[in-house]
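First residue of the sequence shown: 0, per the numbering used here; consecutive thereafter. We treat Cβ as the ideally placed atom computed from N, Cα and C, and that holds for glycine. One structure is given below, encoded as structure tokens.
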Amino acid sequence: MNSQKFFVGGIVGGIVFFLLGWVFFGILFKDTFPQPTNMIWWALVLGNLLLGFLLAYILGKAGASTPGRGAGVGFVVGLLMSVGVTLIDYATSNAPMTNKAMAENVASLTIMWLIGGAIVGWVKGMSKKTVAA
């Protein structure tokens, strides 16, 4: 795995996750999910960056270096991860979670991983040289 592509892909993925998280959870579904009263910004930024690096790592192992392949891998990983985490949150959280909130969480996270996968896949494939036949 090319370390420069991994690093750049991880940074780009983290930025994409941060921005999409703001769109989904801060704007579109702000009434569904409780908004934090005291945001811990360093943890939010670091968490998104780590997820970006996780995505870059997964795409590297899957050999996904196009937007289409990245989106496909991102969708599968995002769906499995979001359903698993949402069910665990549902089972262990003291705050009640409605079926609507669960569905919106799964849909939002899956779409975030799909879009993130497409963009990181595109970034990872940017330096590929094509040879005319």
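Below 8 Å on the Cβ atoms is my guess for residue 104 versus residue 81; work out the distance and round it to an integer in Å.
-> By a beta-carbon distance limit of 8 Å, residue 104 contacts residue 81. Their separation comes to about 7 Å.
Where does residue 66 sit, in a helix, a strand or coil, going by DSSP?
-> Helix at residue 66.
Residue 23 burial status per 10 Å Cβ neighbour count (16 or more: buried) = Classification of residue 23: buried, given that the 10 Å Cβ count is 16 or more.
So, do the region 5-22 and the region 50-70 have three or more beta carbon pairs nearer to each other than 8 Å?
-> Here the region 5-22 lies against the region 50-70, with 3 or more beta-carbon pairs under 8 Å apart.
Range covered by the alpha helix (DSSP H) that runs through residue 13 = Looking at the DSSP string, the run of the alpha helix (DSSP H) that includes residue 13 is 2-20.
Check whether the Cβ atoms of residue 19 and residue 87 sit closer than 8 Å, and answer yes or no.
-> Inclusion of residue 19 and residue 87 in the CB contact set at 8 Å is not warranted, their separation being larger than that value.
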